[in-house]
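Have a look at the structure below before the remarks.
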Amino acid sequence: MEQATRVTLCLLAQRIGQLKGQIRDLERRLAELVGRHFPQLLVPVGIGPDSAATLLIAMGDNPERLRSEASFASLCGVSPVEYSSGGQRRYRLNRGGDRRANAALYPIVQSRLRFDTRTRTYYERRIGEGKTRREIISATRPGKSSAWSDSCSQVPARRGCD
24 MEQATRVTLC LLAQRIGQLK GQIRDLERRL AELVGRHFPQ LLVPVGIGPD SAATLLIAMG
84 DNPERLRSEA SFASLCGVSP VEYSSGGQRR YRLNRGGDRR ANAALYPIVQ SRLRFDTRTR
144 TYYERRIGEG KTRREIISAT RPGKSSAWSD SCSQVPARRG CD
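Count along the sequence shown starting at 1, add 23, and that's the number in the working numbering.
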């Protein structure tokens, strides 16, 4: 009985290794396809090949129908919808749209929020050092060299945050 269990576990381990190799190959091919057809989608932080492919599939064969960011947000189900009554104006997120595209957008937004938290931490630290808001903003403008911009340029781009 122990021998049969050991053989079964060895076969399962081999199969897992084969499947992992196939997954890596498919991910590489997907990254190549997205990079060939829409390379600028892989540049922003937090967008990996899986998310990029899902968003491209949501756009469909005629991307010219998406005239603005608002139309794309509506397609993905992340646009605001008014549900006001009386004198108050209230909004909720659209519950329609492509749910897979919505799920692909979520980790992208989360990675942006983490970056914003890092920026906010830098800002608070510099205020604590006695810098003014104007000095901090001028030091972080593109083209200006600062410790903050230099450290951000050395951060590797996150891929595969799916």
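The C-beta atom is built at its ideal place from N, Cα and C for all residues, glycine as well. Remember, predicted model here, so these are calculated numbers, not experimental data.
Close beta carbons around residue i, own chain, < 6 Å, minus the five adjacent residues each side
i	result
E105	Y114
R182	Low per-residue confidence applies at R182: pLDDT is 45, beneath 50, and the placement is therefore not dependable enough to give any value.
R149	I159
Contacting residues, own chain, Cβ-Cβ under 8 Å from residue i (five flanking each side not counted)
i	result
M122	It should be noted that the sequence gives Arg, not Met, for residue 122. G100.
L116	G100, V101, S102, P103, V104
L89	M82, F95, L98
S168	Confidence at S168 is low in this model, with a pLDDT of 45, below 50, so the placement of that residue is unreliable and no value is reported for it.
Through-space distance from residue j to residue i, alpha-carbon basis
i	j	result
R143	K154	14 Å
L34	G40	10 Å
V30	I46	24 Å
A93	A81	14 Å
A96	G109	27 Å
N85	F61	14 Å
V178	G120	Any reading at V178 is ruled out, since the residue's pLDDT is 40, under 50, leaving its predicted position unreliable.
E152	R141	17 Å
E25	L42	26 Å
R38	R112	57 Å
CB of residue i within 9 Å of CB of residue j, strictly
i	j	result
D70	I160	It is Ile, not Asp, that sits at residue 70 in the sequence shown. No, Cβ-Cβ distance for I70 and I160 is not below 9 Å.
S127	L56	Residue 127 is actually Ala in this sequence, not Ser. No, the Cβ-Cβ distance between A127 and L56 is not below 9 Å.
L98	A75	no
Bridge partner(s) assigned by DSSP for residue i
i	result
S97	Note: S97 sits in no beta bridge, so no partner.
L116	P103
Q111	S108
CB contact check: residue i to chain B, cutoff 9 Å
i	result
D84	Protein chains in the displayed structure number just one, and chain B is not present.
Cβ shell of residue i (< 7 Å), same chain only, five flanking positions each side left out
i	result
Y146	I159
- Message: Does the structure place the segment 60-67 close enough to the segment 33-51 that three or more beta carbon pairs sit under 8 Å?
- Response: Result no; under three Cβ-Cβ pairs closer than 8 Å.
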